[in-house]
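Protein sequences, first through last, are from chains A and B.
Heads up: the first sequence at position 2 corresponds to 2 in this note's numbering, and the numbers run straight through without jumps.
Heads up: the second sequence at position 19 corresponds to 19 in this note's numbering, and the numbers run straight through without jumps.
From the three backbone atoms N, C-alpha and C, an ideal C-beta is built for every residue, glycine too.
Number of protein chains: 2
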Amino acid sequence: MYRIGELSALYDIKADTLRFYEKHGLLSPSSRSDSGYRLYNQADSERLKFILRAKAVGFSLNDIADLLSIEVDKSNRACADVKGLVDTKLEQVEAKLAELQHFATSLKSLSNTCCGGPDSAEHCSILEALESSDKHIIAKKEHHHFANLGHKD
Amino acid sequence: MYRIGELSALYDIKADTLRFYEKHGLLSPSSRSDSGYRLYNQADSERLKFILRAKAVGFSLNDIADLLSIEVDKSNRACADVKGLVDTKLEQVEAKLAELQHFATSLKSLSNTCCGGPDSAEHCSILEALESSDKHIIAKKEHHHFANLGHKD
DNA sequence: ATAAACCTTGGAGTTTAATCCAAGGTCAAG
DNA sequence: CTTGACCTTGGATTAAACTCCAAGGTTTAT
Ligand SMILES: [Zn+2]
Ligand SMILES: [Zn+2]
Ligand SMILES: [Zn+2]
Ligand SMILES: [Zn+2]
């Protein structure tokens, strides 16, 4: 059993955040001490881990609540409903994944065109690309200056 | 040249959003009409595209401003600075990508364990996994009910 | 038995990223 | 020369997700 401070330390979040999650129906401690302290068990902790992972990946707390709260009227829902919700989220994750890959590619190719040297960025290919068209971000150029000859311009 | 309404329509955002981006130094129209209307050129449009893509992928406007604003004191910066910034962002993107892949895997395996049938979700493997430990999310189970025999429980 | 470190509640404040509004100026069509 | 769609500004409001605060109760250790 963790008290709120222990659980929050475990995941490096604020105790306030846990109270906030509780108020918003995401995670309630499975019990309370005699004096009213929140007591979280292992399952609560795992649920928190799930919440934090979902959040880290771009789901809003509302999204996460959707996902977690089906459980509430469990008996009035079919497997199809539950699976549908998960599959919808999965589609969203995969869309995000695709965007992210696209963006990583852009950044990689931006990075590759730049020499990374110590001279003025006046003619830096990265800045050139950002200033004008981002076609340059995707186009593969050897270097912004003069074909990797350095900074003699 | 686009006026604010045209550019915002082009990217399906509000004109207000463009004014907001301008106020926060992300994108200024390259000129104004005699009467003060904002006029965006193709480069502005491409820059906006970059902003929106970065945003879509989870960068905050501050992150994006960092990336775009090096250009301001360009001459006092070295290629190394610029490339460093891009590489930092790239690391962040790749970290996010890894998390996202992890999460997609979890969701996929959650989805796979569930029959998706029309019967009550009372014993749905997805809910079971979410309720308790998320070890179940990752562990591969054939089905929550009885090894794909359906809903005779 | 008293201080330090924890916990409780309710409510206010913050940040980010818009989004809306009011009062008014501009422009093309009829 | 007026109507309607568009634009200007500044300022208010929103929503999400915390984050902090005040006033007080609890636990643990010396
Ligand atoms: Zn260089
Ligand atoms: Zn460079
Ligand atoms: Zn089922
Ligand atoms: Zn199921």
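* Asked: Quick one: is the Cβ of Gly-117(B) within less than 7 Å of any heavy atom of ligand 3?
  -> For the purposes of this step, residue 117(B) is identified with residue 117 of the second sequence, where counting begins at 1. Yes, the Cβ of Gly-117(B) comes within 7 Å of a heavy atom of ligand 3.
* To do: Taking only beta-carbon positions, decide if Ser-120(B) is within less than 8 Å of chain A.
  => Position 120 of the second sequence holds residue 120(B). At least one chain A Cβ lies under 8 Å of Ser-120(B).
* For Leu-90(A) and chain B, any beta-carbon pair shorter than 8 Å? -> For the purposes of this step, residue 90(A) is taken as residue 90 along the first sequence, with counting starting at 1. With its beta carbon less than 8 Å from one in chain B, Leu-90(A) belongs to the interface.
* **Close Cβ partners of Ile-85(B) (< 8 Å) along its chain, the five nearest in sequence each way excluded** => Counting from one through the second sequence, the residue named residue 85(B) turns up at place 85. The amino acid at residue 85(B) is misidentified as Ile; the sequence shows Leu. Taken in chain order, the residues that qualify are Asp-66, Leu-67 and Ile-70.
* With 8 Å as the threshold, decide whether the Cβ of Ile-154(B) is near any Cβ in chain A. => No answer is possible for residue 154(B): the residues shown for chain B start at 1 and end at 153.
* Residues of the segment 37 to 71 of chain B with Cβ closer than 8 Å to any Cβ of chain A, in chain order -> In summary, the residues of the segment 37 to 71 of chain B whose CB is separated from some CB of chain A by less than 8 Å are Gln-42, Ala-43, Glu-46, Arg-47, Lys-49, Phe-50, Arg-53, Ala-54, Ala-56, Val-57, Gly-58, Leu-67, Leu-68, Ile-70 and Glu-71, in the order they occur in the chain.
* Name the residue from Ala-98(B), Leu-52(B) and Val-82(B) whose alpha carbon lies nearest to the alpha carbon of Val-93(A). => Along the first sequence, one-based indexing puts residue 93(A) at 93. Nearest C-alpha to Val-93(A) among Ala-98(B), Leu-52(B) and Val-82(B): Ala-98(B).
* To do: Give the DSSP-derived three-state secondary structure of Ser-30(A) in the structure shown.
  => For the purposes of this step, residue 30(A) is taken as residue 30 along the first sequence, with counting starting at 1. Here Ser-30(A) sits in coil by DSSP.
* Under 9 Å from the C-beta of Gly-117(B): neighbouring residues of chain A -> Position 117 of the second sequence, counted from the first residue, corresponds to residue 117(B). Residues of chain A passing the Cβ test: Ala-78, Cys-79, Ala-80 and Lys-83.
* Asked: Is it true that the CB of Ala-78(B) sits closer than 8 Å to the CB of Ile-64(B)?
  -> As a position in the second sequence, residue 64(B) is number 64, starting the count at 1. As a position in the second sequence, residue 78(B) is number 78, starting the count at 1. 8 Å or more divides the Cβ of Ile-64(B) from the Cβ of Ala-78(B).
* Asked: By Cβ distance below 7 Å, which residues in the same chain neighbour Leu-127(B) in space, the five residues on each side in sequence not counted?
  -> Position 127 of the second sequence, counted from the start, is the residue given in the question as residue 127(B). Within the same chain, Cβ atoms closer than 7 Å to the Cβ of Leu-127(B) are found at Ala-121, the five residues on either side in sequence being excluded.
* **CB-CB length for Val-82(B) against Cys-124(A), believed under 8 Å** => For this step, residue 82(B) is matched to residue 82 along the second sequence. For this step, residue 124(A) is matched to residue 124 along the first sequence. Yes, they are in contact, since the Cβ atoms of Val-82(B) and Cys-124(A) sit about 5 Å apart, within 8 Å.
* Could you give the distance in angstroms between the alpha-carbon of Lys-141(B) and the alpha-carbon of Ser-111(A)? -> The sequence position of residue 141(B) within the second sequence is 141, counting from 1. The sequence position of residue 111(A) within the first sequence is 111, counting from 1. Unreliable placement is indicated for Lys-141(B), whose pLDDT of 32 sits below 50; the coordinate value is still reported in the next sentence. As the crow flies, the alpha-carbon of Lys-141(B) is around 43 Å from that of Ser-111(A).
* **Cβ neighbours of Arg-3(A) in the same chain (closer than 6 Å, five flanking residues each side left out)** => On the first sequence, position 3 is the one that residue 3(A) refers to. If we look at Arg-3(A) and ignore the five residues flanking it on each side, its Cβ neighbours are Tyr-37.
* For a contact meaning CB atoms closer than 7 Å, what does Ser-75(B) contact in chain A? -> Looking up residue 75(B) in the second sequence gives position 75. Ordered by position in chain A, the residues that pass the 7 Å Cβ test against Ser-75(B) are Ser-120 and Glu-122.
* Asked: What is the DSSP secondary structure of Tyr-21(A), reduced to helix, strand or coil?
  -> Taking the first residue of the first sequence as 1, we reach residue 21(A) at position 21. Under the three-state reduction of DSSP output, Tyr-21(A) falls in the helix class.
* Asked: Which ranges does the alpha helix (DSSP H) cover as unbroken runs of at least 4 residues, wholly within the segment 51 to 106 of chain A, from first to last along the chain?
  -> Runs of the alpha helix (DSSP H) inside the segment 51 to 106 of chain A: 61 to 69.
* Tell me whether Tyr-11(B) is buried or exposed, calling it buried when 16 or more other Cβ atoms sit within 10 Å of its Cβ. => As a working note, residue 11(B) is residue 11 in the second sequence. Around the C-beta of Tyr-11(B), fewer than 16 other C-beta atoms lie within 10 Å, and the residue is accordingly described as exposed.
* To do: Check distances from the C-beta atoms of the segment 5 to 24 of chain A to those of chain B and list, in chain order, the residues that come in under 7 Å.
  => Residues: none.
* 8 Å Cβ cutoff, Leu-100(B) in contact with chain A -> In the second sequence, residue 100(B) corresponds to position 100, counting from 1. Yes, because at least one Cβ of chain A sits closer than 8 Å to the Cβ of Leu-100(B).
* Asked: Can you tell me the Cα-Cα spacing of Ser-30(A) and Glu-46(A), whole angstroms?
  -> As a working mapping, residue 30(A) is identified with position 30 in the first sequence. As a working mapping, residue 46(A) is identified with position 46 in the first sequence. Straight-line Cα distance between these residues: approximately 12 Å.
* Asked: Whole-angstrom Cβ separation of Leu-220(B) and Leu-61(B), contact assumed at under 8 Å?
  -> Nothing about residue 220(B) can be read from this structure; chain B reaches only from 1 to 153.
* **Per-residue contacts from Ser-111(B) into chain A (C-beta, under 7 Å)** => Position 111 of the second sequence, counting from 1, holds the residue named residue 111(B). Neighbours of Ser-111(B) on chain A, chain order: Lys-83, Val-86, Asp-87 and Leu-90.
* Asked: If Leu-27(A) sits next to Asp-16(A), beta carbons under 8 Å apart, how far is it from one beta carbon to the other, in whole angstroms?
  -> Locating residue 27(A) in the first sequence gives position 27, where the first residue counts as 1. Locating residue 16(A) in the first sequence gives position 16, where the first residue counts as 1. Rounded to the nearest angstrom, the Cβ distance from Leu-27(A) to Asp-16(A) is 13 Å, too far for a contact under 8 Å.
* Taking DSSP as the reference, what is the three-state secondary structure of Arg-3(A)? -> Residue numbering aside, residue 3(A) sits at position 3 when the first sequence is read from its first letter. Correct three-state label for Arg-3(A): coil.
* Given that Leu-97(B) touches chain A, what residues does it touch there, using C-beta distances under 8 Å? -> Reading the second sequence from its first residue, position 97 is the one you call residue 97(B). Near Leu-97(B) (Cβ distances below 8 Å), the residues of chain A are Leu-97, Leu-100, Gln-101 and Ala-104.
* Please indicate yes or no: does the CB of Cys-124(B) lie closer than 7 Å to some heavy atom of ligand 3? => Against the second sequence, residue 124(B) aligns to sequence position 124. Yes, the Cβ of Cys-124(B) comes within 7 Å of a heavy atom of ligand 3.
* **Nearest to Arg-19(B) (by Cα), restricted to the options Met-1(B), Asp-34(B), Ser-35(B) and Tyr-40(B)** => Position 19 of the second sequence, counted from the first residue, corresponds to residue 19(B). Per the C-alpha coordinates, the member of Met-1(B), Asp-34(B), Ser-35(B) and Tyr-40(B) positioned closest to Arg-19(B) is Tyr-40(B).
* To do: Return yes when at least one heavy atom of ligand 2 lies under 7 Å from the C-beta of Cys-114(B), else no.
  => Taking the second sequence and counting its residues from 1, one reaches residue 114(B) at position 114. No, Cβ of Cys-114(B) sits at least 7 Å from all heavy atoms of ligand 2.
* So is Ile-51(A) buried or exposed if we call it buried at 16+ other beta carbons inside 10 Å? -> Your numbering for residue 51(A) matches position 51 in the first sequence. Counting C-beta atoms within 10 angstroms of its own C-beta, Ile-51(A) has 16 or more neighbours from the protein chains shown and is therefore classed as buried.
* Could you pull out every residue in the same chain whose Cβ sits closer than 8 Å to the Cβ of Lys-14(B), ignoring the five residues on either side in sequence? => Walking along the second sequence from the start, residue 14(B) turns up at place 14. Answer for Lys-14(B): Ser-8, listed in chain order.
* Short check: CB of Ala-104(B) to CB of Leu-90(A), under 8 Å? -> Mapped onto the second sequence, residue 104(B) falls at position 104. Mapped onto the first sequence, residue 90(A) falls at position 90. Their beta carbons are under 8 Å apart, which means Ala-104(B) touches Leu-90(A) by this criterion.
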